[in-house]
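This note's numbering applies: residue 117 is where the sequence shown begins, and numbers increase by one.
Using N, Cα and C, we set each Cβ at its ideal position, and we do this for glycine too.
Nothing here was measured: the structure is a model prediction, and the numbers come from that model.
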Amino acid sequence: MKRSFSIFIKLFVILQSISVLCVSEEFDFFYFVVQWPGSYCDTKNHCCYPKSGKPAADFGIHGLWPNYKDGSYPSNCDPDALFDESQLTDLMSKMQKSWPTLSCPSNDGLKFWSHEWVKHGTCAESELDQREYFEAALKLKDKVNLLQILKDAGIKPDDRFYDLDKIKDAIEEATGFTPGIDCNVDSSHNSQLYQIYQCVDTSGSDFIQCPRLPRSRCPSRVQFPKF
Ligand code: AMP
């Protein structure tokens, strides 16, 4: 009797551990990364506007990337994953507006979105399926108007140079969280404001303080190019 009770307890503990392993998250947080199209186009010397036309002069989504606290990140987590565009049919005009492709030749964006889903989205499948993943990113974009925040702080896309600290401070003051800033260098060697990183909890719905900021390649003053 005593023996069978101890087997029962052991079995219970093993089952508990398995269930914890199954529901445990496979990443620590998301980076929600938006991109200034003027910088993308300037650096690559050229870009191609999507088939739907020139994107708005606004930050566009680059991706929603699962990350680990140690700075590493998972990628391409499901070899069987397929990008199913039929799940996005009713989100298409929103996707084109908020997540514009700029690669050449001019295209409809499906290649860019598929790349983001297969490389990054499949690593968040414990939390979000494909449709939820894209919906989460679109909602995050609508939650914070970064361009307006910067404009309100006198930082405009007018080809002038701005203090990196002023850019970070403006976003921190408005959102409550320190952003990560990524720069690129154009053909005249000007460092430009390229991408802004905000951290998001594993459910993909709330901004959080970054457990770790991405490495920055920005000097103390950066150009904010026109688009
Ligand atoms: P990732 O692999 O998610 O880090 O994204 C990098 C890839 O996305 C590179 O191949 C970039 O050229 C591409 N990329 C970045 N921004 C855009 C954009 N707006 N449109 C199309 N491709 C992009």
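With a cut-off of 8 Å on the beta carbons, I'd call residue i and residue j a contact; round off their distance for me.
i: C163; j: L218; result: 4 Å
i: L207; j: G320; result: Wrong, their Cβ atoms sit about 15 Å apart, outside the cutoff.
i: F323; j: T291; result: 6 Å
i: F146; j: V260; result: Their Cβ separation, rounded to whole angstroms, is 14 Å, which puts F146 and V260 out of contact at 8 Å.
i: D194; j: E241; result: 6 Å
If the criterion is Cβ atoms closer than 7 Å, does the pair residue i and residue j meet it?
i: G296; j: E232; result: no
i: A173; j: F277; result: no
i: G176; j: P221; result: no
i: S214; j: L254; result: yes
i: Q151; j: Q311; result: yes
i: G187; j: R328; result: yes
i: P335; j: G154; result: no
i: I271; j: I283; result: yes
i: A269; j: A286; result: yes
Within the same chain, show all residues whose beta-carbon is closer than 6 Å to that of residue i, passing over the 5 residues directly before and after it, in chain order.
i: D158; result: D302 and P341
Suppose the cutoff is 7 Å on Cβ atoms and the five residues either side in sequence are ignored; what does the same chain contact list for residue i look like?
i: R337; result: F277, Y278, D279 and L280
i: Q203; result: Q246 and R247
i: D275; result: Q339, P341 and K342
Among the options, whose alpha-carbon lies nearest the alpha-carbon of residue i?
i: W181; options: S202, A290, Q314 and D194; result: Q314
i: F148; options: S307, P330 and S209; result: P330
i: F250; options: E142, S304, I324 and T205; result: T205
i: A197; options: I287, Q246 and I265; result: Q246
i: W229; options: T318, S209, E201 and S242; result: E201
i: N306; options: K235, K282, Q339 and A286; result: Q339
i: P166; options: K227, P195, Q203 and F146; result: K227
i: H236; options: F199, K210 and D275; result: F199
i: V234; options: N192, Q325 and L309; result: N192
i: L256; options: Y156, T318 and S304; result: T318
i: C326; options: S304, E288, D275 and L309; result: E288
i: N360; options: S168, A252, Q308 and K267; result: Residue numbering for the chain in the displayed model covers 117 to 343; residue 360 lies beyond these limits and cannot be assessed.
i: D258; options: L309, K210 and P171; result: K210
i: G225; options: K267, P171 and Q308; result: P171
Residues in its own chain within less than 8 Å of residue i by CB, not counting five upstream and five downstream?
i: P190; result: E142, F143, P182, Y184 and C239
With a threshold of 7 Å between beta-carbons, can residue i be considered close to chain D, or not?
i: F145; result: The structure shown contains no chain D; it holds only a single protein chain.
List in chain order: all unbroken beta strand (DSSP E) runs of 3+ residues lying wholly within the segment 251-293. Assignment of beta strand (DSSP E) within the segment 251-293, counting only whole runs of 3 or more residues, yields 277-279 in chain order.
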